[in-house]
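Visitor: Residue numbers (the numbering used here), protein chains in the order written: chain A, 6 to 107; chain B, -10 to 83.
Beta carbons: idealized from backbone N, C-alpha and C, even for Gly.
1) Helix, strand or coil, according to DSSP, for residue 4/B in the structure here?
2) Between residue 18/B and the rest of its own chain, which residues show a CB-CB distance below 6 Å, the 5 nearest in sequence each way excluded?
3) On the CB-based measure, 16 or more other CB atoms within 10 Å of its CB, does residue 79/B come out buried or exposed?
4) Measure the Cβ-Cβ separation of residue 29/B and residue 36/A and say whether it is below 9 Å.
5) Expressed to the nearest angstrom, what Euclidean distance is found between the alpha-carbon atoms of residue 69/B and residue -4/B?
6) Comparing the C-beta of residue 50/B with each C-beta of chain A, is any distance below 9 Å?
7) Out of curiosity, what's the CA-to-CA distance linking residue 101/A and residue 40/B?
8) Taking C-beta pairs closer than 9 Å, name the residues in chain A that residue 65/B reaches, listed in chain order.
9) So, is residue 4/B buried or exposed, given that buried needs 16 or more other C-beta atoms within 10 angstroms?
10) Return the residue from the list 12/A, 73/A, 29/A and 71/A that minimises the CA-CA distance to residue 18/A.
11) Residues of chain B with a CB under 9 Å from the CB of residue 88/A: which are they?
12) Within 10 Å of its beta-carbon, does residue 25/A have 16 or more other beta-carbons around it, so buried, or fewer, so exposed?
13) Whose CA, out of 61/A, 41/A and 91/A, lies closest to the CA of residue 32/B?
14) Specify, as a first and last residue, the run of the beta strand (DSSP E) that residue 85/A falls within.
In structure tokens form, the structure reads like this:
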């Protein structure tokens, strides 16, 4: 799973039957400082996320397990909404993470 | 599996119900020498890891789901399955 920000939505009328009624959102993956990394992705929403929200998403085959039908063709599903940015506890501490083993 | 350092945790009230009470940890993948590698990621905790710990993260759904929730088939793609005590690395050139 990774953190991401919802930055848009996608409207698709003709799509796989098991995706009917599902919301498609555009998400931007974020690092631990909540800065963008990589390119935006299209994700299926399973938790009622909306524009601007900080979420986390599941990749791979497991992404379809969040939907009712495990056969849903998705490799990127939003599985949780982070309560607030202050709930990402490592913000501002990244510099302290470099260094030696314990 | 990969090595990672625990940066902290993430609190989410609204999440997939199958996650149960497992803690969602923010981890930074690292090389064996401790240097960060790639983007940070989230993994469910199954071993009570804490901030600053070096951990072993499995990135495969069946294992991650079984380890962190006790059942397969949840929307979980990675889990912390061990806390590393030490790493020994052969520094000779291969």
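Guide: Based on what the coordinates show:
1) strand
2) -9, -7, 26 and 27
3) exposed
4) yes
5) 13 Å
6) yes
7) Residue placement at residue 101/A is poorly supported in this model, since its pLDDT is 42, which falls under 50; the coordinates are not used for a value here.
8) 6, 63, 67, 70 and 84
9) buried
10) 29/A
11) -1, 0, 1, 2 and 3
12) exposed
13) 61/A
14) 81 to 86
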